[in-house]
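Numbering follows this note's numbering, with no gaps: position 50 of the sequence shown is 38. From the three backbone atoms N, C-alpha and C, an ideal C-beta is built for every residue, glycine too. First comes the structure, then the notes that go with it.
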Amino acid sequence: MDVSGWTIDQRMRFPDWCFGNRQLIGCQVHCILADKYYFAISDVALPDPVCIWALHYWVLTAGNMEGAFRIGLRATVPTNEAEMDTATEIFPYLGAAWAGPNKVRHAFRYTTPIMLPVRQGMVTGGLKLVAALYSTFADVRGDLVLEVSGLPTQMAGWLAHHKV
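Here it is as structure tokens:
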């Protein structure tokens, strides 16, 4: 049965095994100098529409540091904070209470990988993942990866009609 005309919310109600293969889309940011934002963009656009399964990020540093990741969707790499502010929000609730919209504050020592399970559907408009990293240290690398898949477009009739 064709479910491609269904809303994203309706298709997100299907079990996990109904979604396609998961892919990793990410970018790496390198902070050369301290106390400054650096920006990066993914090589490929996110599928449209997309299911975001998880957000993975980690920071590689030689010691204690504080900083913030900012994430969003754009067609081009931002060159300053004002352009980053125009990025489409991926997780509107992320950091809203304590770091600001689309920000992940971090205080790391050496390498600490973080994985946040999400399972969120959204329309991306074919935009790419953009990231900004701010660090109190110089020579810090940050990696940001989204685990994504497309949404189901075909479904067995018995499953599609089962109270979805």
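(request) Less than 8 angstroms between the CB atoms is what I'm expecting for A28 and V65, so what's the real figure, rounded? (result) Counted from its first residue, the sequence shown places residue 28 at position 40. Counted from its first residue, the sequence shown places residue 65 at position 77. Indeed, because the Cβ distance is near 7 angstroms, the residues count as touching under 8 angstroms.
(request) Mind the definition here: the segment -1 to 17 touches the segment 141 to 151 only if three or more C-beta pairs lie below 8 angstroms; say whether that holds. (result) yes
(request) Report yes or no: do three or more beta-carbon pairs, one from the segment 8 to 20 and one from the segment 103 to 115, lie closer than 8 angstroms? (result) no
(request) Can you tell me the Cβ-Cβ gap for P35 and I(-4), rounded? I've got them flagged as a contact below 8 angstroms. (result) Locating residue 35 in the sequence shown gives position 47, where the first residue counts as 1. Locating residue -4 in the sequence shown gives position 8, where the first residue counts as 1. With a Cβ gap of about 12 angstroms, P35 and I(-4) do not count as contacting.
(request) Less than 8 angstroms between the CB atoms is what I'm expecting for A33 and Y122, so what's the real figure, rounded? (result) Counting from 1 along the sequence shown, the entry for residue 33 is found at position 45. Counting from 1 along the sequence shown, the entry for residue 122 is found at position 134. Not a contact, Cβ separation roughly 25 angstroms.
(message) Checking 9 angstroms against the spacing of the C-beta atoms, do L43 and V133 come in under that value?
(response) One-based indexing of the sequence shown puts residue 43 at position 55. One-based indexing of the sequence shown puts residue 133 at position 145. Their beta carbons are under 9 angstroms apart, which means L43 touches V133 by this criterion.
(request) Can you tell me which of L104, A120, R107 and P105 puts its alpha carbon nearest to the alpha carbon of A75? (result) The residue you call residue 75 lines up with position 87 of the sequence shown. Residue A120 is the option with its Cα nearest to A75.
(request) Kindly indicate the opening and closing residues of the beta strand (DSSP E) around A144. (result) The residue you call residue 144 lines up with position 156 of the sequence shown. Note, A144: premise wrong, no beta strand (DSSP E); not H, not E.
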